[in-house]
Amino acid sequence: MSTRPGIDRAPAFVQEKNSPSPEQLEKWDREHVWHSFTQMKHYDPFVVQSASGCRLNDIHGNEVIDGVSSLWCNVHGHRHPALDRAIKEQVDLVSHVTNLGASQTRTIQLAKRLVDVTPAGLNHVFFCSDGANAIEVALKMAFQYWQQCESPQPGRTKYVALSDAYHGDTLGTVSIGDVPLFHRLFKPLLFEPIRFNAPNAYEWSNDSERENALNQSLETLDQLLASRGNEIAAIVAEPRIQGAAGIKIHPFGFLKGMAELARKHDVFLIADEVAVGFGRTGSLFACETEQVQPDILCLGKGLSGGYLPISATLTSDRIFDAFLGDFSESKTLYHGHTFAGNPLAAAVSLANLEIFEKEQTLQKLQPKIQKLEHRIALLRNRPGVNAPRSLGLVAAFDLGVGPDEEAVHAGYQFCHTVQQYGVRLRPLGNTIIIMPPLAISENEIDQIFDAIDLALSA
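Residue 393 in the numbering used here sits at position 397 of the sequence shown, and the numbers go up by one each step.
Set out below in structure tokens:
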């Protein structure tokens, strides 16, 4: 087991006087908590009592490695002293100030820090509470811009979105999403995007095939924007990796090519880095890996180090200036959230960014990335394993199973088995995802894959 210096191992379940027992908690969990993306008929409670570093401790005293970063958001591990301290210090000042016509010192400092560390030209920060709303407001920004800019183009009401896309669960983000398992029921409520197929780096056996597929994909996008650019407000895409698509990894050059075509046809590029931002691809932001400057950048998950709900939508002077005007012009962006820019979340987010510098988080990633690449590559010849793949500190493979319903069951059953060997994973259908905190050690990466090997053998 690994704990951070200065942090004792988290205790097993502690039952205070008159507090509920583990069995009572599990009963209430089944009866009263409606869990996200969970078939409650088959829900098997996993109730965490405490955590430390990259480990979770449940109410029965079991310890498991957090192999999916508490759903892709934990960065520096649980109970990091600097993150804990930032929240405690902010509580002594103020816990919440509305962002509607007011502000707070930590919120302002976070906005400036994000402007400094993100790709150049993104000078304005709109805070939300979660990733889906960061994308939702980005859609509204792009749409409203074309309605009220200096030379309005009211016909620009459509979005180009990638096949297999996932950007959240609000109606706007569901509309541009393309995961039938999640979205097909809501089709009558949605608007139709213009769908575009991104190349998948793991579909081809050699570099020549991959290059041809990349070029064909970008040529298709070029033709699409040339013929329909006057209808399009923006392209929406996850840079480098489509997460909930099942870890679909784009070939290098696709992101840059897409950005260049957006500029060529004067269409905005919305980069959804909710999942891939904050070091996940090896750079602080995935856009940096191909020197891309999006018009709108959406951040979430890792923004607070996985501690508190906060997200941010950053945009350019061009877009921001189009919303300035007299009250009579009604150019205001009428969108907002009660807890947007919350000072507690802003304080821990600032501390998160400071840790990247003080602990040289990105500089220390390469050996971990190489370890992950080595271990995922060893699965290539395992029976029942399809398309093992990785980029940065993200890896995945598919289980060889049948229809969607069987795939969903197989994925959950496999992860249940892995947990018996001390690792907590969460599947996407039949796709098994390994996305640990950036603080993971090389030894813990080996432990994750050792557990996967045992589960595959089982």
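Think of the CB as a built atom: it goes at the ideal place given N, C-alpha and C, for glycine as much as any other residue.
query = Ordered along the chain, which non-local residues of its own chain (more than five positions away) have a Cβ less than 6 Å from that of Ala341?
reply = Setting aside the 5 residues that flank it on each side, Ala341 is surrounded in the same chain by Ser300, Leu304, Ile306, each with a C-beta closer than 6 Å to its C-beta; the list follows chain order.
Beta-carbon spacing of His38, Ile351 below 8 Å = For His38 and Ile351, no; Cβs fall outside 8 Å.
request  = Rounded to whole angstroms, what's the CA-CA distance from Arg0 to Glu355? Just pull it up for me.
outcome  = Below a pLDDT of 50, predicted positions are generally treated as unreliable, and Arg0, at 49, falls in that range; the measurement from the model is reported next regardless. The alpha-carbon atoms of Arg0 and Glu355 are separated by roughly 13 Å.
ask   = How is Ala116 classed by DSSP in three states: helix, strand or coil?
value = Residue state, collapsed to three classes: coil.
request  = Let me know if Arg81 comes out buried or exposed under the rule of 16 or more other beta-carbons within 10 Å of its beta-carbon.
outcome  = Exposed.
request  = Please report the Cβ distance between Val270 and Ala130, rounded to the nearest whole angstrom; I am assuming they are in contact, meaning their Cβ atoms lie under 8 Å.
outcome  = With a Cβ gap of about 6 Å, Val270 and Ala130 count as contacting.
Cβ shell of Asp174 (< 6 Å), same chain only, five flanking positions each side left out = Closer than 6 Å at the Cβ level, and outside the excluded window around Asp174, lie Ser159, Asp160, Ala161.
Where Gly49 falls: helix, strand or coil (DSSP) = Gly49: strand per DSSP, three-state reduction.
message = Using only the alpha-carbon positions, how far apart do Phe456 and Gly337 sit?
response = This structure gives no information on residue 456, because the portion of the chain shown stretches from -3 to 454.
key: Lys244 burial status per 10 Å Cβ neighbour count (16 or more: buried)   = Around the beta carbon of Lys244, a 10 Å sphere encloses 16 or more other beta carbons of the protein chains shown; the residue is thus reported as buried.
key: Best match in Glu19, Val272, Leu346 for proximity to Ser386 [C-alpha to C-alpha]   = Closest in C-alpha terms to Ser386, from the list Glu19, Val272, Leu346, comes Val272.
message = Is the separation between the beta-carbon of Pro115 and that of Pro290 shorter than 8 Å?
response = In this structure, Pro290 lies closer than 8 Å to Pro115 by Cβ.
message = Given this structure, state the Cα-to-Cα distance separating Leu358 from Gly275, to the nearest angstrom.
response = Leu358 and Gly275: Cα-Cα distance of roughly 6 Å.
message = With H, G and I counted as helix, E and B as strand and the rest as coil, what does DSSP make of Pro384?
response = Annotated three-state conformation of Pro384 is strand, per DSSP.
message = Please classify Tyr457 as buried or exposed, where buried requires at least 16 other C-beta atoms within 10 Å of its C-beta.
response = Nothing in the structure corresponds to residue 457, since the chain is present only between -3 and 454.
inquiry  = Going by C-alpha to C-alpha distance, which of Glu59, Leu167, Val263, His72 sits closest to Pro184?
reply    = Among Glu59, Leu167, Val263, His72, the Cα nearest to that of Pro184 is on Leu167.
query = So, Leu349 versus Arg102, is the Cβ gap smaller than 8 Å?
reply = Not in contact: Leu349 and Arg102 (Cβ atoms no closer than 8 Å).
task = Write down the C-beta distance between Gly63 and Leu421 rounded to the nearest angstrom, noting that I regard them as a contact closer than 8 Å.
result = 5 Å between Cβ atoms; contact.
query = Just the Cα atoms here: how many angstroms apart are Arg206 and Lys367?
reply = Rounded to whole angstroms, Arg206 to Lys367 spans 25 Å at the Cα level.
key: Given Ala282 as reference, the closest of Leu79, Phe250, Asp262 once Cα atoms are compared   = Of Leu79, Phe250, Asp262, the residue nearest in Cα terms is Phe250.
message = I'd like the list of long-range same chain contacts for Leu265, defined as Cβ closer than 6 Å, with 5 residues on each side in sequence excluded.
response = Closer than 6 Å at the Cβ level, and outside the excluded window around Leu265, lie Ile231, Ala255, Ala258, Pro290, Asp291.
key: Glu132 - containing alpha helix (DSSP H), residue span   = Start and end: 127 to 144.
Inter-stretch contact (C-beta, 8 Å, three-pair minimum) for the region 387 to 397 and the region 35 to 50 = In the pairwise beta carbon analysis, the region 387 to 397 is classified as not touching the region 35 to 50: fewer than three pairs are separated by under 8 Å.
message = Can you find the residues in the same chain that come closer than 7 Å, C-beta to C-beta, to Ser125, ignoring five residues on each side of it along the sequence?
response = Excluding sequence neighbours, Ser125 sits near Pro305, Ile306, Ser307, His333, Phe335, Ala336.
inquiry  = Can you check which of these residues, Thr277, Glu234, Glu227, Ala233, is closest to Asp262 by C-alpha distance?
reply    = Of all alpha-carbon atoms in Thr277, Glu234, Glu227, Ala233, the one lying nearest the alpha-carbon of Asp262 is that of Glu227.
task = Count the other CB atoms, across all protein chains shown, that sit within 10 Å of the CB of Thr216; report buried if there are 16 or more and exposed otherwise.
result = Counting Cβ neighbours within 10 Å, Thr216 comes out exposed, since fewer than 16 surround it.
task = Please find out if some non-hydrogen atom of the ligand GDP comes closer than 7 Å to the beta-carbon of His120.
result = Within the structure as shown, the ligand GDP is missing, as the structure has no ligands at all.
query = Taking buried to mean at least 16 other C-beta atoms within 10 Å of its own C-beta, is Val414 buried or exposed?
reply = Val414 is buried by the Cβ-count criterion.
request  = Just the C-alpha distance for Leu181 and Ile172, rounded to the nearest angstrom, thanks.
outcome  = Taking the straight line joining both Cα atoms gives about 15 Å.
message = My parser needs the beta strand (DSSP E) runs of 3 or more residues fully inside the region 389 to 452; what are they?
response = The qualifying runs are 390 to 395, 427 to 430.
query = Is Met(-3) buried or exposed, if buried means 16 or more other CB atoms sit within 10 Å of its CB?
reply = Confidence is the limiting factor: at Met(-3) the pLDDT is only 41, short of 50, which leaves the residue's position unreliable, though a coordinate-based value still follows. Result: exposed.
query = Under the three-state reduction of DSSP, which class applies to Ala233: helix, strand or coil?
reply = Three-state DSSP puts Ala233 in a strand.
ask   = For Val111, which of helix, strand or coil comes out of DSSP?
value = Three-state result, Val111: helix.
request  = Please go through the region 298 to 324 and give each complete alpha helix (DSSP H) segment of 4 or more residues, from N-terminal end onward.
outcome  = If only uninterrupted alpha helix (DSSP H) runs of at least 4 residues are considered, those enclosed by the region 298 to 324 are 313 to 317.
request  = Would you kindly work out how many angstroms separate the C-alpha atoms of His92 and Ala107, rounded to a whole number?
outcome  = Their Cα atoms are separated by approximately 16 Å.
Of the residues Val404, Glu369, Asn426, the one placed nearest Ile444, counting alpha carbons only = Ranking Val404, Glu369, Asn426 by Cα distance to Ile444 puts Glu369 first.
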